[in-house]
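Residue numbers (our numbering), protein chains in the order written: chain A, 1 to 506; chain B, 1001 to 1506.
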């Protein structure tokens, strides 16, 4: 494996630019020729040359040894930072604040009640005191201290990041963190590697950003290192250097896989060899319900403690190439719109800079309420909440698996979900005319809603005969839901050998 | 005035592209020539041609009659929208949700106490019921209903938007809305017009986005229509079409001006003539304290009711070219990280699309708490809160003006702030070596902190002899603060005629 610093040099950092002359002449000729060609060819040539020029221009810019985007490189240092030490000195008269005076902030105290997972129907009360309530109304940078310190300790003990200078910052939810990560690492025209089926909104965000998505094959354990290596070599030989690998290693959306520990190291080594930053989206890290194991549905020993949730990329990131996203959306509640990011200091600094001109990392009110809750819960309270959620998902997942077995085994195949909340169903006998539109129309008629697999494909318009089922709604609806889904799949599958209406069991 | 549809056509929308051939040949020759030139010239040529090609490519893309960005045009329709009607039908079995089951959301109830502005030291209690507490924990799209409907009614009665299809959406604070507005309207290399001194973080956000900032002169009433017209004509004659005018018309940051009603129409007419979208940032709209008038400091009749806060661009936007930003940060508390945007439907739809792949428009918890507060307050409660804030700012503003008069009248000039919380001070006798660094260093030594005016300039590195003072901290600190500031200004000003230490009064 080459050292990462060498990989970076191949990304840019040219000292002389004379070698560009042939490229420029080639592009110039391309343009000249296109000037006499048809409009279609002209359009094509224009876009091609533009992208080539963007790449060349990037190579000429100072600082391209960085794996960060032009946006980050262009953003000025915040001059206000010069005033912060002066503002903190209590002996100074401060005439530079741009916020309403504290005494006009409306809230006095906040209080909420929380379910207690260890005793049914019991609640506990969380009181946010006057000082914290004041912080909840001020700018996030003044309010995030307690939550950041809780999450820093949590990350240290649960994830154990390997980067020597790792740090965390808050996010206004993982989708916002992904949006900022795209702005932070990618320029239009850059390449991002993704699992062959992946998070719908992330696909849209990349397409909107003008980023090129390249899918990597997965199997029943998730992302295949061999496929990653093939793609990296083929990209490299085509003169392209992918900037980012976006991966959801645990409870993959939609595959439901959990990456085995040995694949982490293989994937990490490939990425460092090629100078590819890993964007690790671990939104489902705390949903490791192990519904695939042989223990009973309700066996409490099946679900993981916070101490042994297993491998992460951040935990092996000795070279500082991983930007890890976690979120409260799937472990507690989406409504806080809070999560956190972990990475080497230079990533966190770039991220914080971009947050300063966008989200401020989330709502102070949500930060303070969440910090008060986590602080009162302590580690045991969070553990109880997660265990309860994991066991709930485990029960529902296994109920859904039984319903699939009963109703769909002659029409589809699936792997047992290892984490998260999705079951990925592959139709075994789709008709040649199978389409996403036909699937939605049939589901509507039969009264059942699953997600068409094509929504999860980074290749637009691809009619993939997959469905993503989730085990979120209560399990008593699964038998009827799957009976209806059987009718849908029957309509969209080639005829069964015996009778179309026959059930797998008889 | 030309019709706006014509202005749009001049923005792009070419039907044939043959006319591009000379441009392409010129660029090709430029590249060929640069191939033999020095590295510096080569870099320059490469960037220039790239930008020209980007412009040409944009002109060739379908849909450039739109004033929206390439990012918006590239973003796919959200396929999940196809499933929403199916999910809403209660008779359907829903197997497509990707959120924790409702029964695992931790919060049961929320309750907070709020100051009562009409009776000192009294508080009122706001109870968020179990159903709303549940919404506060779910995705924002499920939680924002009540707040959106309150703000829609508020906007209808206070701002009275003129666009026939106006709508609103929430924002995760105004800075986030500005970030999204940049992504929504501007491509790298595009031009944005701004007041000659403006909001620091917006400058940084535009620079980061690779956008060209062009300042427009202002006077003691704010943005000058004459200056705007000159710039628009000069841009047009240079073959450039500015895409956006960013303006803070009320309580301008840092100028403290309030745009007179007649300027709104003049500016609006110019913008529609040239097809320029107006980004109206009215964060200080509810801070109209009229500290410049002749009434007493504490005269309650001085500050505006919600009914007569005066002109806005949205209120005259019959052609649907205004995207208006409002925020709770300055009227209530920055910590909610909530605001709202108003505009014609096509703007709001584009904005919502971009929010779907980023902020989700803010925290559900903050939305639900704020909606509960506003709902319990009603219009009278909000009016009381705003009146209290406005009178507080009025008192402080007038105290700061008196302190300036007493300590700085021989060293600086200023206009009386008309709204907002800033006083813009111009040094009348700066030394030729005046610099921002010297100002910060001197303030540090003398124990006073104001914002150097250069922070507010879109022209980087310009040493402008201005300071932005705010009247946020309690007014009893102003006399000492201004005594210290006098020492700072004395150090950075040419010697006074009589004695350097002399006070204006004697």
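C-beta atoms are modelled at their ideal positions from N, C-alpha and C, and glycine is treated no differently. Owing to the predicted nature of the structure, the values given are computational and were not obtained by experimental measurement.
Among A:87, A:352, A:103, A:394, which residue has its Cα nearest to the Cα of residue 1333 (chain B)?
That would be A:103, whose Cα lies nearest to the Cα of residue 1333 (chain B).
Quick one: is residue 63 (chain A) near chain B, going by C-beta distance under 8 Å?
Low confidence applies to residue 63 (chain A): its pLDDT is 35, below 50, so where it sits in the model is not reliable, and the reading given next is rough at best. No, residue 63 (chain A) does not count as interfacial toward chain B.
Taking CB distances under 8 Å as the criterion, tell me whether residue 151 (chain A) reaches chain B.
Not closer than 8 Å to any Cβ of chain B, the Cβ of residue 151 (chain A) fails to qualify, so no.
Quick one: does residue 507 (chain A) have its CB under 8 Å from some CB of chain B?
The structure shown does not extend to residue 507 (chain A), since chain A is modelled only from 1 to 506, so the question has no answer here.
Given a threshold of 16 other Cβ atoms within 10 Å of its Cβ, counted over all protein chains shown, does residue 417 (chain A) qualify as buried or as exposed?
Flag for residue 417 (chain A) reads buried.
Please list, in chain order, all residues of the same chain as residue 342 (chain A) whose beta carbon is under 7 Å from its beta carbon, the five residues on each side excluded.
Around residue 342 (chain A): 155, 159, 161, 166, 168, 314, 324.
If you drop the 5 nearest sequence neighbours on each side, which residues of the same chain put their C-beta closer than 6 Å to that of residue 1279 (chain B)?
These residues qualify, in order along the chain: 1181, 1244, 1246, 1323.
Using the Cα positions of residue 492 (chain A) and residue 473 (chain A), report the straight-line distance between them to the nearest angstrom.
Rounded to the nearest angstrom, the two C-alpha atoms are 25 Å apart.
How far does the beta strand (DSSP E) with residue 347 (chain A) in it extend, from its first residue to its last?
No beta strand (DSSP E) holds residue 347 (chain A); the alpha helix (DSSP H) holding it covers 345-356.
Locate the alpha helix (DSSP H) running through residue 203 (chain A), then write down its first and last residues.
Here the alpha helix (DSSP H) through residue 203 (chain A) covers 200-208.
Mark residue 1140 (chain B) as exposed unless 16 or more other C-beta atoms lie within 10 angstroms of its C-beta, in which case mark it buried.
Answer is buried; the Cβ neighbour count reaches 16.
Which residue spans inside the segment 1247-1299 of chain B form an unbroken alpha helix (DSSP H) run of at least 4?
The qualifying runs are 1261-1274.
Find the residues of chain B that neighbour residue 82 (chain A), judging by a C-beta separation of less than 8 Å, and give them in chain order.
Per Cβ cutoff of 8 Å: 1440.
Assuming residue 297 (chain A) contacts residue 394 (chain A) (C-beta within less than 8 Å), just tell me the rounded distance between them.
At roughly 7 Å, the Cβ-Cβ gap stays under 8 Å, so residue 297 (chain A) and residue 394 (chain A) are in contact.
At a Cβ cut of 9 Å, what residues of the segment 457-482 of chain A count as close to chain B, listed as they run along the chain?
If the cut-off is 9 Å between Cβ atoms, the segment 457-482 of chain A has 460, 467, 468, 469, 470, 471, 472, 473, 474, 477, 478, 480, 481, 482 near chain B.
Spatial neighbours of residue 1016 (chain B) within its chain, please: C-beta separation below 6 Å, excluding the five flanking residues on both sides.
Low confidence applies to residue 1016 (chain B): its pLDDT is 36, below 50, so where it sits in the model is not reliable enough to give any reading.
Can you have a look at residue 1300 (chain B) and say buried or exposed, based on whether 16 or more other CB atoms are within 10 angstroms of its CB?
It is exposed - the Cβ of residue 1300 (chain B) has fewer than 16 other Cβ atoms within 10 Å.
Does DSSP put residue 1489 (chain B) in a helix, in a strand, or in coil?
Three-state result, residue 1489 (chain B): helix.
Which residues in chain A have a C-beta closer than 8 Å to the C-beta of residue 1286 (chain B)? List them in chain order.
The premise fails here: residue 1286 (chain B) is roughly 10 Å from chain A at the closest Cβ pair, so nothing lies under 8 Å.
Is there a Cβ from chain A that is less than 8 Å from the Cβ of residue 1097 (chain B)?
Judged by the 8 Å Cβ criterion, residue 1097 (chain B) is in contact with chain A.
Since residue 1447 (chain B) contacts residue 91 (chain A) with CB under 8 Å, what's their CB separation in whole angstroms?
Correct: roughly 6 Å between the Cβ atoms.
So for residue 1112 (chain B), helix, strand or coil by DSSP?
Reduced to three states, the DSSP call for residue 1112 (chain B) is strand.
Any idea what DSSP makes of residue 1148 (chain B), helix, strand or coil?
In this structure, residue 1148 (chain B) counts as helix in the three-state DSSP scheme.
Using a C-beta to C-beta distance shorter than 8 Å, which residues of chain B count as neighbours of residue 300 (chain A)?
Per Cβ cutoff of 8 Å: no residues; residue 300 (chain A) is ~16 Å from chain B at best.
At a CB distance below 8 Å, what residues from the segment 233-260 of chain A approach chain B? Give them in sequence order.
Those would be 253, in chain order.
Rounded to a whole number of angstroms, what is the C-alpha to C-alpha distance between residue 24 (chain A) and residue 42 (chain A)?
Distance between the alpha carbons of residue 24 (chain A) and residue 42 (chain A): 18 Å.
On the DSSP letters alone, give me the boundaries of the beta strand (DSSP E) that residue 1192 (chain B) sits inside.
Unbroken beta strand (DSSP E) run through residue 1192 (chain B): 1191-1195.
Pull up the distance between the alpha-carbon of residue 1133 (chain B) and that of residue 1464 (chain B), whole angstroms please.
If I take the Cα positions, the gap works out to 50 Å.
Using a Cβ cut-off of 7 Å, which residues of the segment 1340-1367 of chain B contact any Cβ in chain A, in chain order?
For the segment 1340-1367 of chain B, which is checked against every Cβ of chain A, the residues closer than 7 Å are 1356, 1357, 1358, 1359, 1360, 1362, 1363, 1364, 1365, 1366.
By alpha-carbon positions, which one of A:287, A:240, A:253, A:262 ends up nearest to residue 274 (chain A)?
Out of A:287, A:240, A:253, A:262, A:240 has the C-alpha closest to the C-alpha of residue 274 (chain A).
Using 10 angstroms around the beta-carbon of residue 1320 (chain B), count the other beta-carbons present and answer buried if the total reaches 16, otherwise exposed.
Buried.
Hey, quick one: how far does the alpha helix (DSSP H) through residue 377 (chain A) stretch, first residue to last?
Element bounds for residue 377 (chain A): 364-408.
Run through chain B and tell me which residues come within less than 8 Å of residue 392 (chain A), C-beta to C-beta.
Those are 1101, 1103, 1104, listed as they occur along chain B.
Can you pull the DSSP bridge partners for residue 1467 (chain B)?
In DSSP, residue 1467 (chain B) forms a bridge with B:1425, B:1452.
Is there a Cβ of chain B sitting closer than 8 Å to that of residue 388 (chain A), yes or no?
Taking Cβ atoms only, chain B reaches closer than 8 Å to residue 388 (chain A), which makes this a yes.
What residue range is occupied by the uninterrupted alpha helix (DSSP H) comprising residue 72 (chain A)?
Residue 72 (chain A) -> alpha helix (DSSP H) spans 70-74.
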